[in-house]
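J.:
Protein chains: 2
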Amino acid sequence: MPPAKPAFSAIAPEAGGMPLYRSAKRALLQQIESGAVPPGEALPSEAVLACAFGISVGTLRHAVDELVAEHILVRRQGRGTFVATHGADRFLFQFFHVERSDGLREVPAVELLSFERGRLDDEAIASSLGLKPGAPVFQFNNRLVLQGRPVVHDHITLPAALFKGLSDKRLRERPGTIYQLYQSEFGITVVRAQERARAVPCDRGSARVLGLAPGTPVMQVQRTALTFGDRPVEARVSTIHTGVHEYVHTLQRPA
Amino acid sequence: MPPAKPAFSAIAPEAGGMPLYRSAKRALLQQIESGAVPPGEALPSEAVLACAFGISVGTLRHAVDELVAEHILVRRQGRGTFVATHGADRFLFQFFHVERSDGLREVPAVELLSFERGRLDDEAIASSLGLKPGAPVFQFNNRLVLQGRPVVHDHITLPAALFKGLSDKRLRERPGTIYQLYQSEFGITVVRAQERARAVPCDRGSARVLGLAPGTPVMQVQRTALTFGDRPVEARVSTIHTGVHEYVHTLQRPA
DNA sequence: TAGTGGTCTAGACCACCTG
DNA sequence: AGGTGGTCTAGACCACTAC
Numbered sequence: 001m002p003p004a005k006p007a008f009s010a011i012a013p014e015a016g017g018m019p020l021y022r023s024a025k026r027a028l029l030q031q032i033e034s035g036a037v038p039p040g041e042a043l044p045s046e047a048v049l050a051c052a053f054g055i056s057v058g059t060l061r062h063a064v065d066e067l068v069a070e071h072i073l074v075r076r077q078g079r080g081t082f083v084a085t086h087g088a089d090r091f092l093f094q095f096f097h098v099e100r101s102d103g104l105r106e107v108p109a110v111e112l113l114s115f116e117r118g119r120l121d122d123e124a125i126a127s128s129l130g131l132k133p134g135a136p137v138f139q140f141n142n143r144l145v146l147q148g149r150p151v152v153h154d155h156i157t158l159p160a161a162l163f164k165g166l167s168d169k170r171l172r173e174r175p176g177t178i179y180q181l182y183q184s185e186f187g188i189t190v191v192r193a194q195e196r197a198r199a200v201p202c203d204r205g206s207a208r209v210l211g212l213a214p215g216t217p218v219m220q221v222q223r224t225a226l227t228f229g230d231r232p233v234e235a236r237v238s239t240i241h242t243g244v245h246e247y248v249h250t251l252q253r254p255a
Numbered sequence: 256m257p258p259a260k261p262a263f264s265a266i267a268p269e270a271g272g273m274p275l276y277r278s279a280k281r282a283l284l285q286q287i288e289s290g291a292v293p294p295g296e297a298l299p300s301e302a303v304l305a306c307a308f309g310i311s312v313g314t315l316r317h318a319v320d321e322l323v324a325e326h327i328l329v330r331r332q333g334r335g336t337f338v339a340t341h342g343a344d345r346f347l348f349q350f351f352h353v354e355r356s357d358g359l360r361e362v363p364a365v366e367l368l369s370f371e372r373g374r375l376d377d378e379a380i381a382s383s384l385g386l387k388p389g390a391p392v393f394q395f396n397n398r399l400v401l402q403g404r405p406v407v408h409d410h411i412t413l414p415a416a417l418f419k420g421l422s423d424k425r426l427r428e429r430p431g432t433i434y435q436l437y438q439s440e441f442g443i444t445v446v447r448a449q450e451r452a453r454a455v456p457c458d459r460g461s462a463r464v465l466g467l468a469p470g471t472p473v474m475q476v477q478r479t480a481l482t483f484g485d486r487p488v489e490a491r492v493s494t495i496h497t498g499v500h501e502y503v504h505t506l507q508r509p510a
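Going down the list, the sequences are from chains Y and R.
Quick note on the numbering used here: the first sequence kicks off at 1 and runs consecutively.
Quick note on the numbering used here: the second sequence kicks off at 256 and runs consecutively.
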């Protein structure tokens, strides 16, 4: 069954104790998650939505405000409110934190080094994805190149159940970023991620990928990428050569 | 002159093209920065403020909403709206990102290892603080201990002009976190920070502090802490032993 | 010109906290 | 009981975009 046509029905008043704007937010999220309003598409206008939900425009705006703050919706004055897409811009500012020491940022060039379908044997990855060891997964390795230098080695694990039909060909021939592929080809929108970083001596595999001597200190970042409802969809181990480039982090949003 | 009494006067309508709620936000920020409403104190009620500014309550709330999102104000239902303070809680969740691999977080025990007043000679630190090389600064070293293990070596540089009268005694005898000291003793509120991380071989100094063999891979995090208006107030180099502990980072706020 | 989101108003009632 | 912030309404006008 293809995605159902959007259906914004009146909000059930029996929602116990929950403020109306929360109910409206949940209803909007549900329609977005279900694919009834695909990424890039415009929602009905605020007036129409408020009427459909049986609430005032101000209350609806409160709900939309929160979804905009979470980068799930994007408002464009005079045009409408749109479901967010994974453009290269968003990827760069929200999910890619490596830049040159002088602050230069660019979209990395990606090379697919290996690709295989197999069964999950790493227990840490299994638990971060909420899977049992032995679950079918795709695993592949990428080399990310910035300013002509290999800087990041990514080892990525995806639950096979969520990415049916993924192949090295589709990965190689994708037009944009990996998260754009997840979204456009598999209907999976990454909305959030958690990362844990360590400094480790570079192992032989990453040393070859990055052109380093084994044992060189590198940053190892374990990322779990999450979709709506904090459901994990990707486990990634990034090995970063921080000679010329650095891992950047701003604590609290810029005003 | 001690901090002026709070003066919330009508918003100048000649503020060119700026929305009223932005003007209100600036006016609130100005009163907070100037110390007219010290950290921990309550603002006048929304009704009073709106009346003083000559705007409606809804518009005032819009301004306050943004300051709450930036952790500059805190709302407490039934009590009032307060200027944020640097409690240990806030420090832990906003500025301290080291936790044990299993997720255990705790407030670190801090030991002051050295303290001196001198002149700035590091050019990178000078530029991050917006100072000229040779400017007078305080520099000191801390060891942070978690679960009985030395985990972080901090090297901190403060502009002497902003921290007049700082001494090793006052640092050692402070009751709470360092940022609480900045706020309560020097009127400096850290609202934001930028960090750049690298993996490096541990140098001799940090190796001694952390009880490691020199050359062990460690994370080196350079932080610039900022106050209102993005003015830099602290430069810090943290050297982190990521054997048992990790550096944690969540991309985008939890819903 | 018509439709969208952006700003703003002037109320209302509720939930919570303090006295 | 009285004051606070939290929610909600039903309008208004403006700025921007598309056609």
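Ideal Cβ placement from N, Cα and C applies to all residues, glycine included.
If I measure Cβ to Cβ from Ala255 of chain Y and keep anything under 8 Å in the same chain, skipping five residues before and after, which residues do I get?
T.: For Ala255 of chain Y, the predicted model reports a pLDDT of 42, less than 50, meaning its position is unreliable; a value from the coordinates is still stated below. Nothing listed; no residue qualifies.
J.: What is the DSSP secondary structure of Arg334 of chain R, counted as helix, strand or coil?
T.: Of the three classes helix, strand and coil, the one that applies to Arg334 of chain R here is coil, per DSSP.
J.: Please indicate yes or no: does the CB of Val37 of chain Y lie closer than 7 Å to some heavy atom of the ligand PLP?
T.: Ligands in the displayed structure: none, and consequently the ligand PLP is not present.
J.: Please state whether DSSP places Asp203 of chain Y in a helix, a strand or coil.
T.: Looking at Asp203 of chain Y - three-state DSSP - the assignment turns out to be coil, as it is neither helix nor strand.
J.: Say whether chain R places a C-beta atom closer than 8 Å to the C-beta of Tyr247 of chain Y.
T.: So yes, Tyr247 of chain Y belongs to the interface.
J.: Report the three-state DSSP secondary structure of Thr412 of chain R (helix, strand or coil).
T.: If DSSP states are grouped into helix, strand and coil, Thr412 of chain R belongs with the strands.
J.: Which residues share a DSSP beta bridge with His249 of chain Y?
T.: Beta-bridge pairing links His249 of chain Y to R:Glu450.
J.: So, under 8 Å CB-CB, Phe337 of chain R and Leu328 of chain R are touching, yes? Tell me the CB distance rounded to an integer number of Å.
T.: Right, the Cβ-Cβ distance comes to about 7 Å (below 8 Å), so this counts as a contact.
J.: Specify whether the segment 384 to 396 of chain R and the segment 410 to 420 of chain R touch according to this definition: at least 3 beta carbon pairs, one from each stretch, less than 8 Å apart.
T.: With the cut-off at 8 Å, the segment 384 to 396 of chain R and the segment 410 to 420 of chain R touch.
J.: Candidates R:Pro299, R:Ala291, R:Val319: which alpha carbon is nearest Arg277 of chain R's?
T.: Checking every option, the nearest Cα to that of Arg277 of chain R belongs to R:Val319.
J.: In the DSSP output, what is Ile240 of chain Y paired with across the bridge?
T.: In DSSP, Ile240 of chain Y forms a bridge with Y:Val152, Y:Met219.
J.: Going by the CB atoms, is the gap between Phe163 of chain Y and Phe140 of chain Y shorter than 8 Å?
T.: No, they are not a contact pair.
J.: Where does Leu120 of chain Y fall in DSSP's three states?
T.: Reduced to three states, the DSSP call for Leu120 of chain Y is coil.
J.: Within 8 Å (strictly less), CB to CB, does His527 of chain R reach chain Y?
T.: In this structure chain R extends from 256 to 510, so residue 527 of chain R is not present and cannot be described.
J.: Please report the straight-line C-alpha distance between Gln77 of chain Y and Pro261 of chain R, rounded to a whole angstrom.
T.: Roughly 37 Å between the two C-alpha positions.
J.: For Met219 of chain Y, count neighbouring C-beta atoms within 10 Å of its own C-beta (all shown protein chains included) and say buried if the count is 16 or more, exposed if not.
T.: Met219 of chain Y comes out buried.
J.: Return the CA-CA distance between Leu20 of chain Y and Ala27 of chain Y, expressed in angstroms with no decimal places.
T.: Between Leu20 of chain Y and Ala27 of chain Y, the C-alpha separation is close to 11 Å.
J.: Using a C-beta cutoff of 8 Å, does Arg447 of chain R count as contacting chain Y?
T.: It does; some Cβ of chain Y falls within 8 Å.
J.: Starting from Arg398 of chain R, follow its DSSP beta bridges and name the residues at the other end.
T.: Per DSSP, R:Glu366, R:His408.
J.: Under 9 Å Cβ-Cβ, which residues of chain R neighbour Thr224 of chain Y?
T.: The premise fails here: Thr224 of chain Y is roughly 10 Å from chain R at the closest Cβ pair, so nothing lies under 9 Å.
J.: Within a Cβ cutoff of 6 Å, which residues of the same chain sit near His317 of chain R, ignoring the five residues on either side of it in sequence?
T.: Excluding sequence neighbours, His317 of chain R sits near Tyr276.
J.: Quick one: residues in its chain with C-beta nearer than 8 Å to the C-beta of Ser101 of chain Y, no 5 flanking neighbours on either side, listed in chain order?
T.: Here the set comprises Val244, His245, Glu246.
J.: Please check if any C-beta of chain R sits within less than 8 Å of the C-beta of Ala199 of chain Y.
T.: Judged by the 8 Å Cβ criterion, Ala199 of chain Y is in contact with chain R.
J.: Establish whether the CB of Thr412 of chain R and some CB of chain Y are separated by less than 8 Å.
T.: Chain Y contact via Cβ: absent.
J.: Take the Cβ of Pro136 of chain Y as the centre, count every other Cβ of all protein chains shown within 10 Å, and call the residue buried at 16 or more, exposed below.
T.: Pro136 of chain Y is exposed by the Cβ-count criterion.
J.: Would you mind stating whether Ala10 of chain Y and Gly54 of chain Y have Cβ atoms separated by less than 8 Å?
T.: Taking 8 Å as the Cβ cut-off, Ala10 of chain Y and Gly54 of chain Y qualify as a contacting pair.
J.: For Glu489 of chain R, which three-state DSSP category applies?
T.: Strand at Glu489 of chain R.
J.: Which residue comes first and which comes last in the beta strand (DSSP E) that contains Arg100 of chain Y?
T.: 98 to 100 is the span of the beta strand (DSSP E), which, as asked, contains Arg100 of chain Y.
J.: Measuring CB atoms only, is the segment 453 to 473 of chain R touching the segment 196 to 206 of chain Y, in the sense that at least three cross pairs come out at less than 8 Å?
T.: Contact between the segment 453 to 473 of chain R and the segment 196 to 206 of chain Y is present, because at least three Cβ pairs lie under 8 Å.
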